[in-house]
Structures are given as C-alpha cells and as structure tokens.
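Since the structure comes first, as structure tokens, the remarks are kept for the end.
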Amino acid sequence: MGLKKERNLDIQPVATYERQSTRDYAGLLQQLESSDPSKRRWGARDLANYPQAVDPLLGRILVETEHPVREAIFDSLQQIGGPAVVSGLIPLLRNEDAAVRNGAIEVLQAMPEDVAPHIVELLNDSDSDVRIFAIDILQQLAHPQTPQWLLSVLKDETHINVIAAAVDRLAEVGTTDMLSELKALKLRFPDESYLQFAIQTAIDRIEGA
Amino acid sequence: MATSARQQAAQKKITDSEFQRFRDYFYRKTGIQFEESKRYFVDKRLLERMRITGHDSFNSYFTALRFQASGEELQELINVMTVNETYFFREEYQFECLVESVLDEVYSRKKPGEEIKIWSIPSSSGEEPYSIAIYLLEKWPKLDEIDVEIVSSDIDSKVLARCHQGVYSKRSVQHLPSRILAKYFTPLPNNNYQICQDLRDSIKFTQVNLNDVAQTRRYRNFDVIFCRNLLIYFDDASRRRAADVFYDAMNSGGFIFLGHSESMSRISSLFKVRKFPKAMVYQKPLV
Numbered sequence: 026m027g028l029k030k031e032r033n034l035d036i037q038p039v040a041t042y043e044r045q046s047t048r049d050y051a052g053l054l055q056q057l058e059s060s061d062p063s064k065r066r067w068g069a070r071d072l073a074n075y076p077q078a079v080d081p082l083l084g085r086i087l088v089e090t091e092h093p094v095r096e097a098i099f100d101s102l103q104q105i106g107g108p109a110v111v112s113g114l115i116p117l118l119r120n121e122d123a124a125v126r127n128g129a130i131e132v133l134q135a136m137p138e139d140v141a142p143h144i145v146e147l148l149n150d151s152d153s154d155v156r157i158f159a160i161d162i163l164q165q166l167a168h169p170q171t172p173q174w175l176l177s178v179l180k181d182e183t184h185i186n187v188i189a190a191a192v193d194r195l196a197e198v199g200t201t202d203m204l205s206e207l208k209a210l211k212l213r214f215p216d217e218s219y220l221q222f223a224i225q226t227a228i229d230r231i232e233g234a
Numbered sequence: 198m199a200t201s202a203r204q205q206a207a208q209k210k211i212t213d214s215e216f217q218r219f220r221d222y223f224y225r226k227t228g229i230q231f232e233e234s235k236r237y238f239v240d241k242r243l244l245e246r247m248r249i250t251g252h253d254s255f256n257s258y259f260t261a262l263r264f265q266a267s268g269e270e271l272q273e274l275i276n277v278m279t280v281n282e283t284y285f286f287r288e289e290y291q292f293e294c295l296v297e298s299v300l301d302e303v304y305s306r307k308k309p310g311e312e313i314k315i316w317s318i319p320s321s322s323g324e325e326p327y328s329i330a331i332y333l334l335e336k337w338p339k340l341d342e343i344d345v346e347i348v349s350s351d352i353d354s355k356v357l358a359r360c361h362q363g364v365y366s367k368r369s370v371q372h373l374p375s376r377i378l379a380k381y382f383t384p385l386p387n388n389n390y391q392i393c394q395d396l397r398d399s400i401k402f403t404q405v406n407l408n409d410v411a412q413t414r415r416y417r418n419f420d421v422i423f424c425r426n427l428l429i430y431f432d433d434a435s436r437r438r439a440a441d442v443f444y445d446a447m448n449s450g451g452f453i454f455l456g457h458s459e460s461m462s463r464i465s466s467l468f469k470v471r472k473f474p475k476a477m478v479y480q481k482p483l484v
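Chains as they are written, first to last, in this note's numbering: chain A, 26 to 234; chain B, 198 to 484.
Now the structure itself:
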C-alpha cells in the first residue's frame, strides 16, 4: 500500500470507456431518454456538438428530474447558442421550478446578441415576475444597450419590485444623464423607504463617479 | 490625440465611488473581493489598463469593460489583478484539510481492494502534485492501508517535461521544512533542488485540454481533485464546461479543492459546499 508508481498507473485509453450506445446523433438522442441519469447526462453533454439537438434538449428539460442532467442540458444549449435556443428558453422563465428558471436565465445572460431582440418584449411582459427575470438577465448581459433598457423601466414601470431591481442594477451601470430620472423616481415613491435607500445609493454611486 | 488620452489617464485617479462600482462588478464576475487595503494595488492596475486601452475616464473604460461581449478586457484585468506564483506547500491549509479530514472520509467509503485517486490540474511546474504526495507520505498514516494514485495534468507539454525532471529553484522550495527538503530533494548546482526519483515515479503526468470533451472523457473515478487558480482565467462558458468535466470525472462523494479566491457556487450548482476545520471544499453529492 502507498503511492502507486507511474508504471502501474493507468489512465485508460478512450476506447476502454466507449459506451455500449453509439455516439452518433440518433444514438445520443436515445441516450437522452435513457432510464439511467448518468447516460442521460452524457447524452446531453455530447449533443452540444449537434445544433439540430436544440428541440430535443429543450423538450427534455421539461420532464427531467435529475439536477446534473438538467445542468448538462443547459450547458449544451449555451454551447449551441443562437436564436432558436433563446426562443426556446424564454418560455421557461414562466416555469414553476426555480431551478429551471434560473438555468434559463443563466444561459440567456451569456447570449447578449441573440437575447437583445427579446428584451423590450420581456420588460413589457404582463407578469411582473417575468419582468424581474428580464432585469436579472440584464444584470450580467454584456450588451451596450443595457443601461437604456434599465432606464426605460424607471420611466414606465409601476410595480415596485421591478423598479427596485432596475435601480439596483443601475447603481452599477448608470450614467450621469440618468440622474434626473432617478431623482424623479424618488419623488414618485416618497413612502417606500427601501426604494428611497436604493435610489439614493444609485445616485451616490453615479454622482461620485 | 492618443498621447493626450494617455496623459490624462496617467494623471487620473479612481474615485471612491468608481472603486466601489468596479469592486462590486469584479466580485460578481470573479468572486474576488478587494478590501480597502488593496486600493492602491487595484487603482494602479485599473489606470494601467485604461492607459493601454486608450480610455481617458473610468466611466468610459468601465462601460467598455462591462458591455464587451467577448469579455476579453475582463480577462486581461483578471490576469493583472491576480498573482499566480506557485511553490511547494502553497496554501498549505488545504493539504492539511486533505490529510486531516477529506481523505479519512473518502477512505471510510472504500471497499477492500479499492484505491483512492487524486487528480491535480493544472500541473504547472509540478509543485502541487508533489506537495500532495509529500503530504500523504508524511501526514496520512492510512496510506499504509490503501493505494493512492496521483494523476496530474496540464495543457502545456513543456511544463509537463519540467514536472518529469522535478528540478526546482530555492524560491520554489523555500516554505518546505528543512527535514522535508533533505529527505525528498537532492541539492544541485546553482541553488536548485531535484525531487527524488521515488516521488517522480509516483505521479502520472498527462497532457489534457479541459475544454476538449474527447480528451477529458477518459478521466474517471477520482475521489479528490485539486484545481486551484485555474478557473479564474477561464471565461464563464469554459468554467461551466470545466465544472462538468470535474463532476463526471469524480466518484459520488468526491471532493474538489479550488483556489482561495475561487468559488464553485458561482460556476455551477452541481456541487455542495463542505466546511472542514481547515478549509472549505466542494463535494459531488453522494448518490
């Protein structure tokens, strides 16, 4: 017993680990539906190389119960990317399961160009939760229009939680030309102490810059 | 005029508010938190990046940084804000945690005849895998009862060749107790030291690219992974892919050590946090 010597160590050649199922597209789709979660996870990971796998991957998320498999599906969708992935993920923002919603948000945050055409629509969604999720997406989205989208929330939004989320993000990305909107917002909600505090923090950050 | 922009950037100071905005953003992206005491260090590097990228104000630079889709400038900043120096027993409290807590737990789940597998990545110049080996030999008595296999990998074939040679500078071994130095190293001319053949034979060095699924697929059944101060240099997507690789390379209940400024919770929700007396470690949930 002790430390094994290199001559006895054995990183197996790839062939040793070849699975019984084939790794072509049809085989991977089968794996994605396997009863064994580890096979489903590997199927999901390998499908990242197949842009045509967007629909099967999205479909699997809705029924998948194993967290590691879901993570692999979201990672593969992010790797595939493109408008079809974005269009497929947006409906998941309404999913009952927080893990599914968060997974969708994380992938959307990583796809600024493809998400951009949908932001205005999301910020105007009838569901205030979806509007907050849209702001969550903006928190990490590397898109130059982000400050303007957030500013539009200050102007049009009425739901206090949505406004608070936007103000919070503006503390980081706001610019001096947004100060008048922030100050006007303070006057609109004189009795909301949390919002008053958040707005003042944003103003201080921006003014101090 | 470019010169004028450079001069302005050189003269400019980072205000308190600008520092806070940068600090919050950098923390959210990397998990690295700069205290006020690091202010001079951070300001200096920020101003330097502003100068190099031709921005004459923090606002202009921060906007470019924050909304650059490629994340290239953020990566540059991470590179200059983090100092990556490697030496034997670096962040020693993690090796202590390994031998005092983690390995005992792994051992308790092993059946007779099974072995423990440890993966150290990146190898860099080899100080980490050799430190692990020395720590096991010196401070983990159960090594007499079970085989331990240590694999260490790097994307760079040149550093792997250096690992095989096992020759280190005085600076690299400066934190080793003299007894350990005398026991496992041979002094060479020019103040260098070579690690003993027995230890060199105890590590399997392999070349691997963490972003290549075909290459990483064969790394399986590890009980412990050390991946310190590597993920910080990856972009978000690559970090997530690396977390996937580690997850699939580990046995259930396996542990992963990251660098002190790195957080798996920011990368992936696949692992849970385990707090041991000496260190915080991430664990693949037990099935």
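Ideal Cβ positions, reconstructed from N, Cα and C, are used throughout, including at glycine. It should be emphasised that the depicted structure is a prediction, and the values quoted were computed from it without experimental measurement.
Handout entry: Alpha-carbon to alpha-carbon, A:H184 and A:D154
Key = Working through the first sequence from its first residue, we reach residue 154 of chain A at position 129. Working through the first sequence from its first residue, we reach residue 184 of chain A at position 159. Rounded to whole angstroms, the gap between the alpha carbons of A:D154 and A:H184 is 10 Å.
Handout entry: Residues of its chain near B:N448, where Cβ-Cβ distance is below 6 Å and the 5 sequence neighbours each way are ignored
Key = Within the second sequence, numbered from 1, the residue matching residue 448 of chain B stands at position 251. So the list reads N418 and D420, once near-sequence residues are dropped.
Exercise for the section: Leaving aside the five residues before and after A:P165 along the sequence, list all residues of the same chain whose C-beta is less than 7 Å from its C-beta, in chain order. Expected result: Locating residue 165 of chain A in the first sequence gives position 140, counting from the first residue. The residue asked about is misnamed: residue 165 of chain A is Gln in this sequence, not Pro. Short of 7 Å from the beta carbon of A:Q165, and not among the five residues preceding or following it, lie these beta carbons of its own chain, in chain order: Q134.
Problem - Residue burial classification, A:M26 (beta-carbon count within 10 angstroms, cutoff 16) - result: Taking the first residue of the first sequence as 1, we reach residue 26 of chain A at position 1. Its Cβ having fewer than 16 others within 10 Å, A:M26 is exposed.
Handout entry: With 16 other Cβ atoms within 10 Å as the buried cut-off, status of B:S369
Key = Residue 369 of chain B sits at position 172 when you count from the first residue of the second sequence. In the assembly as shown, B:S369 is a buried residue. Its beta-carbon has 16 or more other beta-carbons within 10 Å.
Practice task
Specify, as a first and last residue, the run of the beta strand (DSSP E) that B:T403 falls within.
Solution key: Along the second sequence, one-based indexing puts residue 403 of chain B at 206. Residues I400 to Q404.
Problem - Segment limits, beta strand (DSSP E) that includes A:W174 - result: Within the first sequence, numbered from 1, the residue matching residue 174 of chain A stands at position 149. Here A:W174 belongs to no beta strand (DSSP E); instead the alpha helix (DSSP H) covers T171 to D181.
Handout entry: Nearest candidate by alpha-carbon position, reference B:Y290, set B:W316, B:E325, B:P319 and B:Y258
Key = Counted from its first residue, the second sequence places residue 290 of chain B at position 93. Closest by alpha carbon: B:E325.
Handout entry: DSSP state of B:P384 mapped onto helix, strand, coil
Key = Start at 1 with the first residue of the second sequence, and residue 384 of chain B comes out as number 187. Strand at B:P384.
Practice task
Indicate whether at least one CB of chain A lies closer than 7 Å to the CB of B:R218.
Solution key: Here residue 218 of chain B is taken as the residue at index 21 of the second sequence, counted from 1. Using beta-carbon distances, B:R218 counts as an interface residue toward chain A, with a partner under 7 Å.
Practice task
Would you kindly report the start and end of the unbroken beta strand (DSSP E) that includes B:R471?
Solution key: Position 274 of the second sequence, counting from 1, holds the residue named residue 471 of chain B. Note, B:R471: beta strand (DSSP E), K469 to K472.
Exercise for the section: Evaluate A:E89 with the Cβ neighbour count: other Cβ atoms within 10 Å of its Cβ, from every protein chain shown; 16 or more gives buried, anything less gives exposed. Expected result: Locating residue 89 of chain A in the first sequence gives position 64, where the first residue counts as 1. With 16 or more other Cβ atoms within 10 Å, it is buried.
Handout entry: DSSP beta-bridge partners of B:L455
Key = Position 258 of the second sequence, counting from 1, holds the residue named residue 455 of chain B. B:L455 is bridged to B:C424.
Exercise for the section: Can you tell me which of the three DSSP states B:I211 falls into? Expected result: As a working note, residue 211 of chain B is residue 14 in the second sequence. Collapsing the DSSP output to three states places B:I211 in coil.
Practice task
Please look up how many angstroms separate the CB atoms of B:Y365 and B:Y390, rounded, as I've assumed it's under 8 Å.
Solution key: Residue numbering aside, residue 365 of chain B sits at position 168 when the second sequence is read from its first letter. Residue numbering aside, residue 390 of chain B sits at position 193 when the second sequence is read from its first letter. Your pair B:Y365 and B:Y390 checks out as a contact, with CB atoms roughly 5 Å apart and the cut at 8 Å.
Exercise for the section: Report the neighbours of A:H168 on chain B: residues whose CB is nearer than 8 Å to its CB, in chain order. Expected result: Residue mapping note: residue 168 of chain A aligns to position 143 of the first sequence, counting from 1. Going along chain B in sequence order, the residues near A:H168 (Cβ under 8 Å) are F264 and A266.
Practice task
Give a yes or no on whether 7 Å exceeds the smallest Cβ distance from A:P215 to chain B.
Solution key: On the first sequence, residue 215 of chain A is found 190 positions in, with the first residue counted as 1. Interface criterion not met: the Cβ of A:P215 is under 7 Å from no Cβ in chain B.
Exercise for the section: Report the three-state DSSP secondary structure of A:E127 (helix, strand or coil). Expected result: As a position in the first sequence, residue 127 of chain A is number 102, starting the count at 1. The residue asked about is misnamed: residue 127 of chain A is Asn in this sequence, not Glu. In the structure shown, A:N127 sits in a helix (DSSP, three-state: H, G or I).
Practice task
Just mark B:Y237 as buried or exposed, buried being the case when its beta carbon has 16 or more other beta carbons within 10 Å.
Solution key: The residue given as residue 237 of chain B occupies position 40 in the second sequence. B:Y237 counts as exposed, since fewer than 16 other C-beta atoms from the protein chains shown sit within 10 angstroms of its C-beta.
Practice task
Take B:P384 and list the residues in its own chain whose beta-carbon comes closer than 7 Å to its own, dropping the five residues that flank it on each side.
Solution key: For the purposes of this step, residue 384 of chain B is identified with residue 187 of the second sequence, where counting begins at 1. Around B:P384: Y390.
Exercise for the section: Pull up the distance between the alpha-carbon of B:S375 and that of B:I392, whole angstroms please. Expected result: Residue 375 of chain B sits at position 178 when you count from the first residue of the second sequence. Residue 392 of chain B sits at position 195 when you count from the first residue of the second sequence. Cα to Cα, B:S375 sits roughly 14 Å from B:I392.
Exercise for the section: Could you name the residues of the same chain whose beta carbon sits closer than 8 Å to that of A:I86, not counting the 5 residues immediately before and after it, in chain order? Expected result: For the purposes of this step, residue 86 of chain A is taken as the residue at position 61 of the first sequence. Taken in chain order, the residues that qualify are R95, I98, F99, L117, V125 and G128.
Exercise for the section: For the beta strand (DSSP E) containing B:V299, list its first residue and its last residue. Expected result: Walking along the second sequence from the start, residue 299 of chain B turns up at place 102. Where B:V299 is concerned, there is no enclosing beta strand (DSSP E), given that its DSSP letter is neither H nor E.
Practice task
Go ahead and label A:D61 buried or exposed: buried means 16 or more other beta carbons lie within 10 angstroms of its beta carbon, across all protein chains shown.
Solution key: Locating residue 61 of chain A in the first sequence gives position 36, where the first residue counts as 1. Burial check for A:D61: the Cβ neighbour count within 10 Å stays below 16, so the residue is exposed.
Practice task
Would you please verify whether the beta carbon of B:V345 is less than 7 Å from any beta carbon of chain A?
Solution key: Here residue 345 of chain B refers to the residue found at position 148 when the second sequence is read from its first residue. Taking a beta-carbon distance threshold of 7 Å, B:V345 counts as an interface residue toward chain A.
Handout entry: Closest residue to A:V132 among A:I162, A:L175 and A:E206 (Cα-Cα distance)
Key = Taking the first residue of the first sequence as 1, we reach residue 132 of chain A at position 107. It is A:I162 whose Cα lies nearest to the Cα of A:V132.
Practice task
Answer yes or no: do B:I453 and B:I429 have a C-beta to C-beta separation smaller than 7 Å?
Solution key: On the second sequence, residue 453 of chain B is found 256 positions in, with the first residue counted as 1. On the second sequence, residue 429 of chain B is found 232 positions in, with the first residue counted as 1. Not in contact: B:I453 and B:I429 (Cβ atoms no closer than 7 Å).
Practice task
Identify, in the order they occur along the chain, each residue of the same chain with its Cβ nearer than 6 Å to the Cβ of B:E270, setting aside the five sequence neighbours on each side.
Solution key: The count along the second sequence starts at 1 and reaches residue 270 of chain B at position 73. Closer than 6 Å at the Cβ level, and outside the excluded window around B:E270, lie L262.
Exercise for the section: Helix, strand or coil for B:G418, going by three-state DSSP, please let me know. Expected result: Here residue 418 of chain B refers to the residue found at position 221 when the second sequence is read from its first residue. Reading the sequence as shown, one finds Asn at residue 418 of chain B and not Gly. B:N418 sits in coil when the DSSP states are folded into three classes, being neither helix nor strand.
Practice task
State the start and end residues of the unbroken beta strand (DSSP E) segment that holds A:V192.
Solution key: For the purposes of this step, residue 192 of chain A is taken as residue 167 along the first sequence, with counting starting at 1. For A:V192, there is no enclosing beta strand (DSSP E); the enclosing alpha helix (DSSP H) has its first and last residue at I185 to V198.
Handout entry: Beta-carbon separation (whole angstroms), A:L53 vs A:D71, contact threshold 8 Å
Key = As a first step, residue 53 of chain A is located in the first sequence; it is residue number 28 there, counting from the start. As a first step, residue 71 of chain A is located in the first sequence; it is residue number 46 there, counting from the start. The beta-carbon separation of A:L53 and A:D71, rounded to 5 Å, stays under the 8 Å limit for a contact.
Handout entry: Complete alpha helix (DSSP H) runs within the region 69-110 of chain A (minimum length 4 residues, chain order)
Key = Segments of the alpha helix (DSSP H) lying fully in the region 69-110 of chain A: 79-88 and 92-105.
Problem - Beta-carbon proximity check, A:A227 vs A:A196, cutoff 7 Å - result: Counted from its first residue, the first sequence places residue 227 of chain A at position 202. Counted from its first residue, the first sequence places residue 196 of chain A at position 171. Contact: yes.
Handout entry: Distance between B:D301 and B:V239 (C-alpha atoms, nearest Å)
Key = The count along the second sequence starts at 1 and reaches residue 239 of chain B at position 42. The count along the second sequence starts at 1 and reaches residue 301 of chain B at position 104. Cα-Cα distance, rounded: 41 Å.
Handout entry: Under 7 Å (Cβ pairs) to chain A, residues found in the region 224-254 of chain B
Key = Listed by position along the chain: nothing, the set is empty.
Problem - Beta-carbon spacing of B:N406, B:S435 below 7 Å - result: By 1-based counting over the second sequence, the position of residue 406 of chain B is 209. By 1-based counting over the second sequence, the position of residue 435 of chain B is 238. The answer is no: Cβ separation not under 7 Å.
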